[in-house]
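Report on one structure; see the data block that follows.
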Amino acid sequence: EAQVTQNPRYLITVTGKKLTVTCSQNMNHEYMSWYRQDPGLGLRQIYYSMNVEVTDKGDVPEGYKVSRKEKRNFPLILESPSPNQTSLYFCASSLYAGLRTGELFFGEGSRLTVL
Amino acid sequence: AQKITQTQPGMFVQEKEAVTLDCTYDTSDPSYGLFWYKQPSSGEMIFLIYQGSYDQQNATEGRYSLNFQKARKSANLVISASQLGDSAMYFCASNYGGSQGNLIFGKGTKLSVKP
Chain A
1 EAQVTQNPRY
11 LITVTGKKLT
21 VTCSQNMNHE
31 YMSWYRQDPG
41 LGLRQIYYSM
51 NVEVTDKGDV
61 PEGYKVSRKE
71 KRNFPLILES
81 PSPNQTSLYF
91 CASSLYAGLR
101 TGELFFGEGS
111 RLTVL
Chain B
1001 AQKITQTQPG
1011 MFVQEKEAVT
1021 LDCTYDTSDP
1031 SYGLFWYKQP
1041 SSGEMIFLIY
1051 QGSYDQQNAT
1061 EGRYSLNFQK
1071 ARKSANLVIS
1081 ASQLGDSAMY
1091 FCASNYGGSQ
1101 GNLIFGKGTK
1111 LSVKP
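Shown next as structure tokens:
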């Protein structure tokens, strides 16, 4: 089954404790990206990757890191989480490069709470 | 900076009727993609439909169609014959030729279908 898998799905942590949200896709997609969703703000892109070893900042990259060492994996790293990073996070991938990168398969989301 | 505007925070539609969800975008790039997504109350994000800026015809996918008016910079989603299962949040998004991987989302419209 084609899917994007995120882990953990739910996490409560404390300020400053490094965490990683993993994302893996089994569709051999070139493009992967991370978003956060906050009430009233829609989705905002954190980082994206057009291919292995190629990553770019989205609109809200501060406080986050990513890496793309393999095509299937695109982990999101919060080096020192803060309460303003409490959010619902989505990982997504796309078969397409170019303008159709927005034709996305989404993971189920990871709800992160930072105390 | 690119911007997506969805002016309808919430809408109601009677079952079996058609509904139009508004989306306007703001880019000076001649090359861009436009996307719509659905987020049911269960939380998953589902890609619905894509329109490229150079596409001559409006995109259609089953009961979904995109009313693309380039001069007005609008990309409205039309859902025909609404069903109860169409009740959800709907997000419009866009990228552009200068940064195809950078996807910008609107804040969303909550659609409620009445029986």
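Protein sequences appear in the order of chains A and B. Just so you know, the numbering used here puts 7 at position 7 of the first sequence, and the rest follows in order with no gaps. Just so you know, the numbering used here puts 1095 at position 95 of the second sequence, and the rest follows in order with no gaps. For glycine and all other residues, C-beta sits at the position ideal for the given N, C-alpha and C.
Looking at the DSSP output, B:Lys-1070 sits in no beta bridge, so it has no partner there. For B:Tyr-1037, the uninterrupted beta strand (DSSP E) run begins and ends at 1032-1039, by DSSP. In the DSSP assignment, the residues bridged to B:Gln-1051 are B:Leu-1034. Inter-residue distance for A:Thr-22 and A:Gly-109 is about 11 Å (C-alpha atoms, whole angstroms).
By the C-beta criterion, the segment 1010-1027 of chain B is judged not to be in contact with the segment 73-86 of chain A, since fewer than 3 inter-stretch pairs fall below 8 Å. Contact annotation: the segment 1059-1077 of chain B does not touch the segment 62-78 of chain A, with fewer than three C-beta pairs closer than 8 Å.
Inter-residue distance for A:Glu-62 and B:Pro-1115 is about 45 Å (C-alpha atoms, whole angstroms).
Cβ-Cβ distances below 8 Å link A:Asp-38 to Arg-44, Ser-87 and Leu-88 in the same chain, with the five nearest sequence neighbours on each side left out; the list follows chain order.
Against chain B, a Cβ distance below 8 Å from A:Ser-110 picks out nothing, because the smallest value is about 11 Å. With contacts defined as CB atoms closer than 9 Å, A:Gly-58 and B:Asn-1102 qualify as a contacting pair. Nearest to A:Trp-34 by alpha-carbon distance, out of A:Phe-106, A:Met-27 and A:Lys-69, is A:Phe-106. Here the alpha carbon of A:Leu-19 sits roughly 13 Å from the alpha carbon of A:Leu-115. Straight-line measurement puts the Cα of B:Ala-1081 at about 30 Å from the Cα of A:Leu-95.
Between B:Gly-1097 and B:Asp-1029, the CB-CB gap stays under 9 Å.
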